[in-house]
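Numbering of the sequence shown is given in full-length UniProt numbering, commencing with residue 1 and proceeding in unit increments. Below: one structure, written as structure tokens.
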Amino acid sequence: MNILVTGGTGYIGSHTCVELLNSGHSVIIADNLSNSRIEVISRIKQITGRQIFFYQVDVTDEEAVNSIFSSNRIDGVIHFAGYKSVTESVIKPLEYYFNNIVSTMVLIKLCLNYKVNKFVFSSSATVYGENKVPFVEDMELLPPKNPYGHTKVINEKILTDVAKANPDFSVAILRYFNPIGAHESGLIGESPIGIPNNLMPYITQVAKGKLDKLKIYGNDYPTIDGTGVRDYIHVVDLAKGHVAALEKLKKGVNIYNLGTGKGTSVLQLVHAFEEANHIKIPYEFVARRPGDIAECYADVSRAKRELGWSAERDIIQMCKDAWRFEKNNS
Ligand code: NAD
Ligand code: UD1
């Protein structure tokens, strides 16, 4: 298939392009480089030995995206492009609503115009809110606590309504848990701008000496050791989940959790990183981060049953690969 990947130079998008190319698909990337670098294109080519097409466009710009649809035969769209910082979304809500929602509407409109019937959307476990773990796809969603989370819920709703009204339109909504790690080549990975908000990039920057020590947000949660528990998934496994979702896509709306089904606490992740890479990570406990929940992990049985996909890489592998990328880059 010929797949248009929006946000394809970003963290998850770049790994997904590699897996699509490795599975024999062709890739057209549309990205405005607002949170990624152009070098990623040559790195994807280096890893796969394949050609890719790149358009530097803003996917909220209908005219620009229309010209991609009119000059390429597109079989499906994977829509990663969007802003993803929870904290920033509280400060800049309009930018978040505009970018994350208009981009989806533009793409859906063009898909319908050009009869492109496969659409895969990047959603997030954040849509479950404080439900009881493990999170199951058909749980009632609880209202998110920030604009970022709302954009995911609204996008899911738009896609569901459009699929209902257009029986040929097939949608996969993929709810990611916590992607970490990097491609084993060390050529692509996660490079956040500024001080990282997320745990793994913070740990790797402490390991590199760029940051002093890790601040662990809370050690009084009702969890195994008092620190927050998350379902960390290797980004390459997550990328493979997209290929499976696309290849097995059925009519209508198909929602899948992409996680491992296993919870790991902050302290367990720190210790795994130390064991995997033989580097000590100094840390201190500080107050809980507002908006955080105690535990978040997936029920992954639907993806296994319907897509034949499950995550294969363990926490040690995630820590080794995240560190290899950090060491080799920036
Ligand atoms: P990322 O920031 O690395 O990648 C997003 C890419 O989209 C970037 O390359 C950016 O330049 C591009 N982009 C943003 N707005 C654009 C626009 N209007 N037009 C064109 N390009 C645009 O983020 P990521 O971690 O790869 O996340 C990808 C998707 O997955 C996002 O929708 C995010 O909300 C979602 N998601 C991510 C996580 C996570 O932990 N990383 C978890 C759940 C969901
Ligand atoms: C966060 C977002 C979530 C988003 C996801 C991916 C919030 C509240 N949630 O998820 O919506 O989908 O990122 O972008 O921001 N931690 C520390 N010290 C740190 C950083 C994190 O102790 O410096 C802890 C957190 O309290 C949490 C765990 O590590 O228990 C994971 O945090 P993080 O990587 O930020 O992911 P989430 O909070 O799960």
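Each residue gets a CB set at the ideal place from its N, CA and C atoms; glycine is no exception.
In angstroms with no decimal places, state the Cα-to-Cα distance between residue 196 and residue 59.
Looking up residue 196 in the sequence shown gives position 196. Looking up residue 59 in the sequence shown gives position 59. So the alpha carbons of these two residues sit roughly 25 Å apart.
Can we count residue 92 as close to ligand 2, meaning its CB is less than 7 Å from some heavy atom?
Residue mapping note: residue 92 aligns to position 92 of the sequence shown, counting from 1. Residue 92: no, Cβ never under 7 Å from ligand 2.
From this set, 215, 189 and 294, which residue's C-alpha is nearest residue 47's C-alpha?
For the purposes of this step, residue 47 is taken as residue 47 along the sequence shown, with counting starting at 1. Closest by C-alpha distance to residue 47, out of 215, 189 and 294, is 189.
Given that a residue counts as buried once 16 or more other Cβ atoms are within 10 Å of its Cβ, and exposed if not, what is residue 29?
Here residue 29 is taken as the residue at index 29 of the sequence shown, counted from 1. Flag for residue 29 reads buried.
What residues in its chain sit with their C-beta under 8 Å from that of residue 158, if we drop five residues either side in the sequence?
If you number the sequence shown from 1, residue 158 lands on position 158. Closer than 8 Å at Cβ, skipping near neighbours: 101, 104, 105 and 108.
Alpha carbon of residue 321 to alpha carbon of residue 92, nearest angstrom
Against the sequence shown, residue 321 aligns to sequence position 321. Against the sequence shown, residue 92 aligns to sequence position 92. Looking at the backbone, the Cα of residue 321 and that of residue 92 are separated by about 33 Å.
Hey, residue 161 and residue 116: beta-carbon distance below 8 Å or not?
Locating residue 161 in the sequence shown gives position 161, counting from the first residue. Locating residue 116 in the sequence shown gives position 116, counting from the first residue. Not a contact, by the Cβ cut-off of 8 Å.
In DSSP terms, what residue 215 is bridged to
Numbered from 1 along the sequence shown, position 215 holds the residue referred to as residue 215. For residue 215, which the question treats as bridged, DSSP gives the partners 284.
Going by DSSP, name the residue or residues bridged to residue 94.
In the sequence shown, residue 94 corresponds to position 94, counting from 1. Bridge partners of residue 94: none, in fact.
Spell out a yes or no on whether the stretch 130 to 147 and the stretch 287 to 304 are touching, meaning 3 or more CB-CB pairs, one atom from each, closer than 8 Å.
A contact exists between the stretch 130 to 147 and the stretch 287 to 304.
Between which two residues does the beta strand (DSSP E) containing residue 252 stretch?
Taking the first residue of the sequence shown as 1, we reach residue 252 at position 252. It spans 252 to 258 - the beta strand (DSSP E) in which residue 252 sits, taken as one unbroken run.
Once you ignore the five residues that flank residue 285 on each side, which residues in its own chain have a CB closer than 7 Å to its CB?
Within the sequence shown, residue 285 is the residue found at index 285, counting from 1. Excluding positions up to five away in sequence, the list reads 216 and 219.
I want to check one thing, is the minimum distance from the CB of residue 10 to the heavy atoms of ligand 1 below 7 Å?
Locating residue 10 in the sequence shown gives position 10, where the first residue counts as 1. Checking the Cβ of residue 10 against ligand 1 gives yes.
Residue 6 lies in the beta strand (DSSP E); which residues open and close that run?
Indexing the sequence shown from 1 puts residue 6 at position 6. For residue 6, the enclosing beta strand (DSSP E) covers residues 2 to 6.
Quick check: what's the CA-CA separation for residue 263 versus residue 66?
Sequence index remark: in the sequence shown, residue 263 carries index 263 (1-based). Sequence index remark: in the sequence shown, residue 66 carries index 66 (1-based). Roughly 42 Å between the two C-alpha positions.
Could you tell me if residue 23 is buried or exposed, where buried requires 16 or more neighbouring beta carbons within 10 angstroms of its beta carbon?
As a position in the sequence shown, residue 23 is number 23, starting the count at 1. Exposed: under 16 other Cβ atoms inside 10 Å.
Quick check: does the Cβ of residue 30 come within less than 7 Å of any heavy atom belonging to ligand 1?
Residue numbering aside, residue 30 sits at position 30 when the sequence shown is read from its first letter. Under cutoff, so the answer is yes.
Across the stretch 168 to 179 and the stretch 242 to 255, are there enough close Cβ pairs to call them in contact, namely three or more that are closer than 8 Å?
The stretch 168 to 179 is in contact with the stretch 242 to 255.
Bridge partner(s) assigned by DSSP for residue 180
Taking the sequence shown and counting its residues from 1, the one referred to as residue 180 is at position 180. Under DSSP, residue 180 shares a beta bridge with 234.
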